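Here the protein sequences line up with chains A and B, keeping their order.
So the first sequence is numbered by my numbering: it starts at 23 and just counts up by one.
So the second sequence is numbered by my numbering: it starts at 23 and just counts up by one.
Even glycine gets a Cβ: it sits at the ideal position worked out from N, Cα and C.
None of the values given here were measured: they were computed from a predicted structure.
There are 2 protein chains.
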Amino acid sequence: MINNITNVRGIKCWGAHIGVKSMRRDLAIIFSEVPASAAATFTQNKVIAEPIKVSKGHIKDGKAQAIVINAGNANACTGQQGYEGALAMARTTAEELNIDEKLVIIASTGLIGEPFPTEEIVNGIKENASKLSDMSSAGSFAANAILTTDTFAKEGFEAFEIDGKTVNIAGIAKGSGMIHPNMATMLGFIISDAAIDPKLLKVATKEAVDKSFNMITVDGDTSTNDMVAVMCNGLAENKMITSKKDPGYKIFKEHLTAIMIHLAKLIVSDGEGSSKFVEYRVVNAPDEDIARKLIRGISDSTLVKAAVYGRDPNWGRIICAAGNVGVEFDYTKVDLYLGVKDNLIKVLEKGKPQDFDRNFMKKLLRESQIEIKLDMCAGKAQAVGWGSDLTTDYVLFNSVYTT
Amino acid sequence: MINNITNVRGIKCWGAHIGVKSMRRDLAIIFSEVPASAAATFTQNKVIAEPIKVSKGHIKDGKAQAIVINAGNANACTGQQGYEGALAMARTTAEELNIDEKLVIIASTGLIGEPFPTEEIVNGIKENASKLSDMSSAGSFAANAILTTDTFAKEGFEAFEIDGKTVNIAGIAKGSGMIHPNMATMLGFIISDAAIDPKLLKVATKEAVDKSFNMITVDGDTSTNDMVAVMCNGLAENKMITSKKDPGYKIFKEHLTAIMIHLAKLIVSDGEGSSKFVEYRVVNAPDEDIARKLIRGISDSTLVKAAVYGRDPNWGRIICAAGNVGVEFDYTKVDLYLGVKDNLIKVLEKGKPQDFDRNFMKKLLRESQIEIKLDMCAGKAQAVGWGSDLTTDYVLFNSVYTT
Numbered sequence: 023m024i025n026n027i028t029n030v031r032g033i034k035c036w037g038a039h040i041g042v043k044s045m046r047r048d049l050a051i052i053f054s055e056v057p058a059s060a061a062a063t064f065t066q067n068k069v070i071a072e073p074i075k076v077s078k079g080h081i082k083d084g085k086a087q088a089i090v091i092n093a094g095n096a097n098a099c100t101g102q103q104g105y106e107g108a109l110a111m112a113r114t115t116a117e118e119l120n121i122d123e124k125l126v127i128i129a130s131t132g133l134i135g136e137p138f139p140t141e142e143i144v145n146g147i148k149e150n151a152s153k154l155s156d157m158s159s160a161g162s163f164a165a166n167a168i169l170t171t172d173t174f175a176k177e178g179f180e181a182f183e184i185d186g187k188t189v190n191i192a193g194i195a196k197g198s199g200m201i202h203p204n205m206a207t208m209l210g211f212i213i214s215d216a217a218i219d220p221k222l223l224k225v226a227t228k229e230a231v232d233k234s235f236n237m238i239t240v241d242g243d244t245s246t247n248d249m250v251a252v253m254c255n256g257l258a259e260n261k262m263i264t265s266k267k268d269p270g271y272k273i274f275k276e277h278l279t280a281i282m283i284h285l286a287k288l289i290v291s292d293g294e295g296s297s298k299f300v301e302y303r304v305v306n307a308p309d310e311d312i313a314r315k316l317i318r319g320i321s322d323s324t325l326v327k328a329a330v331y332g333r334d335p336n337w338g339r340i341i342c343a344a345g346n347v348g349v350e351f352d353y354t355k356v357d358l359y360l361g362v363k364d365n366l367i368k369v370l371e372k373g374k375p376q377d378f379d380r381n382f383m384k385k386l387l388r389e390s391q392i393e394i395k396l397d398m399c400a401g402k403a404q405a406v407g408w409g410s411d412l413t414t415d416y417v418l419f420n421s422v423y424t425t
Numbered sequence: 023m024i025n026n027i028t029n030v031r032g033i034k035c036w037g038a039h040i041g042v043k044s045m046r047r048d049l050a051i052i053f054s055e056v057p058a059s060a061a062a063t064f065t066q067n068k069v070i071a072e073p074i075k076v077s078k079g080h081i082k083d084g085k086a087q088a089i090v091i092n093a094g095n096a097n098a099c100t101g102q103q104g105y106e107g108a109l110a111m112a113r114t115t116a117e118e119l120n121i122d123e124k125l126v127i128i129a130s131t132g133l134i135g136e137p138f139p140t141e142e143i144v145n146g147i148k149e150n151a152s153k154l155s156d157m158s159s160a161g162s163f164a165a166n167a168i169l170t171t172d173t174f175a176k177e178g179f180e181a182f183e184i185d186g187k188t189v190n191i192a193g194i195a196k197g198s199g200m201i202h203p204n205m206a207t208m209l210g211f212i213i214s215d216a217a218i219d220p221k222l223l224k225v226a227t228k229e230a231v232d233k234s235f236n237m238i239t240v241d242g243d244t245s246t247n248d249m250v251a252v253m254c255n256g257l258a259e260n261k262m263i264t265s266k267k268d269p270g271y272k273i274f275k276e277h278l279t280a281i282m283i284h285l286a287k288l289i290v291s292d293g294e295g296s297s298k299f300v301e302y303r304v305v306n307a308p309d310e311d312i313a314r315k316l317i318r319g320i321s322d323s324t325l326v327k328a329a330v331y332g333r334d335p336n337w338g339r340i341i342c343a344a345g346n347v348g349v350e351f352d353y354t355k356v357d358l359y360l361g362v363k364d365n366l367i368k369v370l371e372k373g374k375p376q377d378f379d380r381n382f383m384k385k386l387l388r389e390s391q392i393e394i395k396l397d398m399c400a401g402k403a404q405a406v407g408w409g410s411d412l413t414t415d416y417v418l419f420n421s422v423y424t425t
């Protein structure tokens, strides 16, 4: 009806309010009835939160059976106390669910540098483990329990076929609330009943994250707690995917990527203090890496973002941002389009400004979803990414944050 | 990916924070590109909120094209000022969307008896009408913007076939937060692209509401603002359903009912201060009306609800509550089952207590979803309903509400 992670075979979950946050749910538990293949990508920030350290160790063997996440306290910059709290979080979950501690992945999000409320978390896990459920509301509880400043829960679901078996994949995510930069953790948890070898899952996860969570920009920061974890428990009973040549591998990776893109786009949509969603597309690039770098450079540019907010078809700023990326870029060879889906207007052809109806363009740019397409006319690769605008509200919020 | 109301053909929507509530989104607009058949059921409370008065008038002709909902202020017990505000809300929406005022349905939820913030609402509608979008995040925005004390957004979606055409139906709802009895409005908005005659839609809506929203109990109160509205814009291009004998009618009604049941169950799941979800089933009843009345009586009983919280298989209270309903009820003829899905234990056979393992039962009743089934052995009718338990938290919250 609304399909979510509870629609994946063998998955039960829960999300509860245990009191770390004052009003909202703040503890999520996701449990697979059988051990699952697992893979994850972690923050590239040099400052790493305690739960990330624990989870990195636990996922090394490519197996997991439970994920537990708390919101309200990031358990970052908390030293030995925090590290022990993270261990206790994993241990308690393992005990309550009667599984090996190494099969527990943990994550935290919230304030950085506050002592970790180990006792509250441990008691919360004990109290809620018996409530694990496969009812769709339990999925909503979990999706909501991982949020911090997000204004809505982010969920995705797809069903597809491998070897004539129906495979389910679903995920939840949280984004980075711009107005609270020290809470700006991005988390994603993808759950599937596909049968896939952990080594291949690791490759697929990395590639899917590169096309999704790594292609969005809200305010350009990577937090101490960022993490995307994937669990596949095999209960779909497709033939175990063990090789990249396996036809099931391509299908699985396609849907894994689709779920992650869906969640990543929802994160951008929820950028606090932003007013527009922008899809950036670079086509006919020499290679995909160049295309991606250009998108990240353009979508991160504060001048481009401010122009989007102002509904200003200021192509000069886009070209300028592209030129700053550091890859080969000859603007006299590119075409540039601005507008909205199904109504893109060419503003630049081979570097030459085109005549267009500025009033009509202004009207297009009033919509909530904008598209910017750069045609490099220099190859066959392409990439797509997503970003928000930069609003006066954002500046206002962030200019008074500590005062 | 996550299908919601934006997956219905021709539907655009938005949900924004306009400042009536301090932090969360508080204005939702749902718009159909073409006028739609429409029907609604309204609160039975003798005190009727101003938006209900306006919407009742507007929906009389069985047509609507837009629904606009504000949260934070219920516009109830607000007199002439509120009535004029409600009219302004409909008028502004009509002007911005360039449609007839009579095609606008309005709803409000929030505090009762506060002056209606007409200027904020009017400006909010003006500012957000141009943002209407069919992106799935816009659906989430709308689903979140109608909430008050709810801890998660309630959405549902189904696709099905009529005459070989795919028909989409989706809905959003908000529930009654137990801890805020004066905000306890229940709202449901169901949107479909089915083609159906308004008169038949009215009949189907009434019957579906009776099997869904009218079969849940959280704390038994009906608010001044309760409303369930349905819009069907016909863009699925099935042959217009004009008769109850039309095979499409049965299919449509089945899915309309399913969406409403899904949303109603989510509302129960979100009962603040409740710890369990209970499904009540009365089978082999002389008629459906008797079965429904018994369910409402049992699920409303504070003694039954307290026993569910205490994990007490206290069948005496269930029989007692059933006896109080006022319908013919001979307990010496009934069987009663308690437990969880797929594990129901007979505790009463033809009125005689059965031996059962009390420790095992206690363990079952620790789960978050409980089932109670009453077999009347007296006919072929049945009904199902849903409720929550009564917790010490609920009493605590509500005992100090005004002090």
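Look at the alpha carbon of B/I238 and the alpha carbon of B/S410, and state the distance between them as a whole number of angstroms. 9 Å
What residues in its chain sit with their C-beta under 6 Å from that of A/I91, if we drop five residues either side in the sequence? Here the set comprises A50, A129 and I168.
Contact set between the segment 29 to 46 of chain B and chain A, restricted to residues whose Cβ is under 9 Å from the partner: W36, G37, H39, M45 and R46
Put A/T239 into one of helix, strand or coil per three-state DSSP. strand
Span separating the alpha-carbon of B/I85 from that of B/E371: The sequence given here has Lys at residue 85 of chain B, not Ile. Pairing B/K85 with B/E371, the inter-Cα distance amounts to about 52 Å.
Would you mind sorting A/T424 into buried or exposed? The rule is 16 or more other CB atoms within 10 Å of its CB. Low local confidence applies: a pLDDT of 47 at A/T424 is under 50, so the model's placement there is unreliable, with the coordinate-based value given in what follows. Its Cβ having fewer than 16 others within 10 Å, A/T424 is exposed.
Apart from the five residues just before and just after A/N365, which ones in its own chain have a Cβ nearer than 8 Å to its Cβ? L386
Pair within 8 Å by beta-carbon distance, B/L257 and B/V56: Cβ atoms of B/L257 and B/V56: closer than 8 Å.
Assuming B/I191 and B/S214 are in contact, meaning their beta carbons sit under 8 Å apart, how far apart are those beta carbons, in whole angstroms? 4 Å
Since B/F211 is in the beta strand (DSSP E), which residue starts that stretch and which ends it? L209 to S214
Please check if any C-beta of chain A sits within less than 8 Å of the C-beta of B/R388. yes
Local Cβ density within 10 Å of A/G382, reported as buried at 16 or more and exposed below that: The sequence as given places Phe at residue 382 of chain A; Gly does not occur at that position. Exposed is the call here.
Nearest candidate by alpha-carbon position, reference B/S198, set B/S234, B/N260 and B/T131: B/T131
Taking a contact to mean a Cβ-Cβ separation below 8 Å, would you say B/Y313 touches B/A403 in this structure? Here residue 313 of chain B is Ala; the residue named in the question, Tyr, does not match the sequence. Going by C-beta atoms, B/A313 is nearer than 8 Å to B/A403.
By how many angstroms is the C-alpha of A/T173 removed from the C-alpha of B/S296? 24 Å
Going along the chain, which residues of its own chain have a beta-carbon closer than 6 Å to the beta-carbon of A/C99, five neighbours each way excluded? I134 and G135
How would you call B/D357, buried or exposed, if buried means at least 16 neighbouring beta carbons within 10 angstroms? Around the beta carbon of B/D357, 16 or more other beta carbons sit within 10 angstroms, so the residue counts as buried.
Who are the neighbours of B/H284 on chain A, taking C-beta pairs under 9 Å? Listed along chain A are M23, I24 and S158, each with a C-beta nearer than 9 Å to that of B/H284.
Name the two residues that bound the continuous alpha helix (DSSP H) containing B/K385. R380 to L386
Any residues in the segment 169 to 203 of chain B with a beta carbon nearer than 7 Å to a beta carbon of chain A? Which ones, in chain order? T173, F174, A175, E177, G178, F179 and E180
Supposed contact pair A/A217 and A/N260 - C-beta distance, whole angstroms, cut 8 Å: Right, their Cβ atoms sit about 5 Å apart.
Would DSSP call B/R318 helix, strand or coil? helix
Buried or exposed: which applies to A/K43, given that a residue is buried once 16 or more other Cβ atoms fall within 10 Å of its Cβ? buried
In the structure shown, what three-state DSSP assignment does A/D415 receive? helix
What are the residues in the segment 261 to 294 of chain A lying within 8 Å of chain B by C-beta distance? For the segment 261 to 294 of chain A, which is checked against every Cβ of chain B, the residues closer than 8 Å are A280, I281, H284, K287, L288, S291 and D292.
Go ahead and pull the three-state DSSP assignment for A/N92. strand
Pairwise C-alpha distance: B/N29 and A/A61: 32 Å
Reduced DSSP secondary structure (H/G/I, E/B, other) of B/M249: strand
Indicate whether B/T140 and B/G101 have their beta-carbon atoms separated by less than 8 Å. no
Does the beta carbon of B/K233 sit closer than 8 Å to a beta carbon anywhere in chain A? No, no contact with chain A.
Residues bridged to A/D397 (per DSSP): Per the DSSP secondary-structure output, A/D397 pairs in a beta bridge with A/V305 and A/D357.
Please decide whether A/S296 counts as near chain B, where near means a Cβ-Cβ distance under 8 Å. no
Would you say A/K426 faces chain B, with C-beta separation under 8 Å as the test? Shown here, chain A extends from 23 to 425; a query on residue 426 of chain A therefore has no answer.
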